[in-house]
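Undergrad: Read in order, the letters of the sequence shown are residues 1 to 353 in full-length UniProt numbering. Where a beta carbon is used, it is the ideal one built from N, C-alpha and C, also for glycine. Have a look at this one before I ask anything.
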Amino acid sequence: MKISKNTMLLGGAVGLGLLCFFGAQYYLHNYLTNAEKRLAGEYETRPVIVAATEIESGTVVSADNLAVRKIPARYLSSNTLSPDDLDRVTGQRVVTSLKPGDPLYLGGLEGSDRPALSTTVAKGERAITVPVDEVSSISGMLVPGDVIDLLFVGPGLTDNSYLASSGNVVGGEQAKPKELTHVRPLLQSVTVMATGKITKKRVVQAQDGTQHEENAEFSTVTLKVTPDQAEKVLIAQKVGQLTAVLRNADDAVPMRSTALDETTFKQVADGPSGRGNYVEMYVGGGSGVEKTQEQVGTALMSSLAKNSLGIASSGKAINAGDIKSRLGISADTGGNTNGNTNANNYSSRNTSR
């Protein structure tokens, strides 16, 4: 049977297509194999112990909250733990919180061979741990190396304590100064060495007036202080509350040393709207015009200066009567002055705005 020319062309095209297909397959297979070998050498993986769930600081680790994952060795630290160390770490507490997938490090466990904290404290310094609630610790976001100010809030004597007791006489004697709730800086520019969390019982009062205890999460902040500062912190913890205020590490401007008490706060909160003091001026019987005290003082001094120059040029001496006349103050026969002003005189009166 004679094969037609078209059939031969079709068969040749199919054969050429198959040859190209298998050739491309062979080339891609070799290329991917070589790439995998190259990457396997550069990114060799190693099985390590990681956190299977979120682990809070102080939590005991076990097989339930740990897992094994393969991670490229080039990204691992030398103190990461392998699956062979699982029995060694089970039952220990972590000192830093872990997110799911975070590798477990030997230095992140209590009782490990990590350097003692005392080695980071210089001679003449002390490390003291201060418990502060979640809000006072800036939502637990403080980290070692941060610089903070420590504020004290509690009862005590301030300048207003003596004013609050003035006029109160008991048994013929002046009443004792009243202790007021106040806030003042306790420590400034203190370095945070470590942070952690603890659970403590706290008394909570319900709406019906009853009280009950509940567990409350508190953050602990370890600070680098001097021995004298450590004593201040211990006393402050007994009589009041401590709050950490984060500050810029390069900020060398000290805070005010005066205390802000409840009396001062109420005065500021209930004060005027802030328009300032104005003086209403009446000139020549016209309607009053509001001017600030600074504007009134400038106008008055300018007016007095012009008239003083006129009197001096005429050869007359400047006396108190000339100044009183310009101010609208009339002198009586006894040498006393009154506060009445004429309609055509220059006068002013203070108003509270």
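Going by the beta-carbon positions, is the gap between Leu104 and Ile148 smaller than 7 Å?
TA: Contact flag unset, no.
Undergrad: Taking the alpha-carbon of Gly124 as reference, which of Ala230, Val253, Leu16 has the nearest alpha-carbon?
TA: Checking every option, the nearest Cα to that of Gly124 belongs to Ala230.
Undergrad: Could you give the residue range of the alpha helix (DSSP H) that holds Val14?
TA: It spans 5 to 42 - the alpha helix (DSSP H) in which Val14 sits, taken as one unbroken run.
Undergrad: Am I right that Thr220 and Leu151 are in contact with their C-beta atoms under 8 Å? What's the rounded C-beta distance?
TA: Not really, about 17 Å apart at Cβ, beyond 8 Å.
Undergrad: Can you check which of these residues, Ala52, Lys37, Tyr43, Gly156, is closest to Thr258 by C-alpha distance?
TA: Of the candidates Ala52, Lys37, Tyr43, Gly156, the one whose C-alpha sits nearest the C-alpha of Thr258 is Gly156.
Undergrad: According to DSSP, Pro155 sits in a beta bridge with which residue or residues?
TA: Its beta-bridge partners are Thr181.
Undergrad: Closest by CA to Thr195, which one among Lys37, Ser97, Leu16?
TA: Out of Lys37, Ser97, Leu16, Ser97 has the C-alpha closest to the C-alpha of Thr195.
Undergrad: Tell me, please, which residues DSSP counts as bridged to Asp261.
TA: Answer is His182, bridged to Asp261.
Undergrad: Just reading off the beta strand (DSSP E) that Ile235 is part of, what are its end residues?
TA: Element bounds for Ile235: not the beta strand (DSSP E) but the alpha helix (DSSP H), 227 to 239.
Undergrad: If we define contact as Cβ-Cβ less than 7 Å, is Thr195 a contact residue for chain D?
TA: The structure shown contains no chain D, having only a single protein chain.
Undergrad: Could you give the DSSP three-state label for Arg256: helix, strand or coil?
TA: Correct three-state label for Arg256: coil.
Undergrad: Give me the Cα-Cα distance between Glu143 and Asn248, rounded to the nearest whole angstrom.
TA: Per the sequence shown, the amino acid found at residue 143 is Val instead of Glu. Roughly 13 Å between the two C-alpha positions.
Undergrad: So if DSSP puts Ala206 in a beta bridge, which residue, or which two residues, is it bridged to?
TA: Answer is none; Ala206 lacks a bridge partner.
Undergrad: Pick out whichever of Val61, Thr90, Thr181 has its Cα sitting closest to the Cα of Thr53.
TA: Comparing Cα-Cα distances from Thr53 to each of Val61, Thr90, Thr181, the minimum goes to Val61.
Undergrad: According to DSSP, Gln211 sits in a beta bridge with which residue or residues?
TA: Gln205.
Undergrad: Can you give me the C-alpha to C-alpha distance between Val121 and Leu109, rounded to a whole angstrom?
TA: Rounded to the nearest angstrom, the two C-alpha atoms are 20 Å apart.
Undergrad: How far does the beta strand (DSSP E) with Leu86 in it reach, from first residue to last?
TA: Looking at the DSSP string, Leu86 is not in any beta strand (DSSP E); the run it does join, the alpha helix (DSSP H), is 86 to 89.
Undergrad: Any contact of the region 38 to 45 with the region 78 to 94, i.e. 3+ C-beta pairs under 8 Å?
TA: The region 38 to 45 vs the region 78 to 94: no contact.
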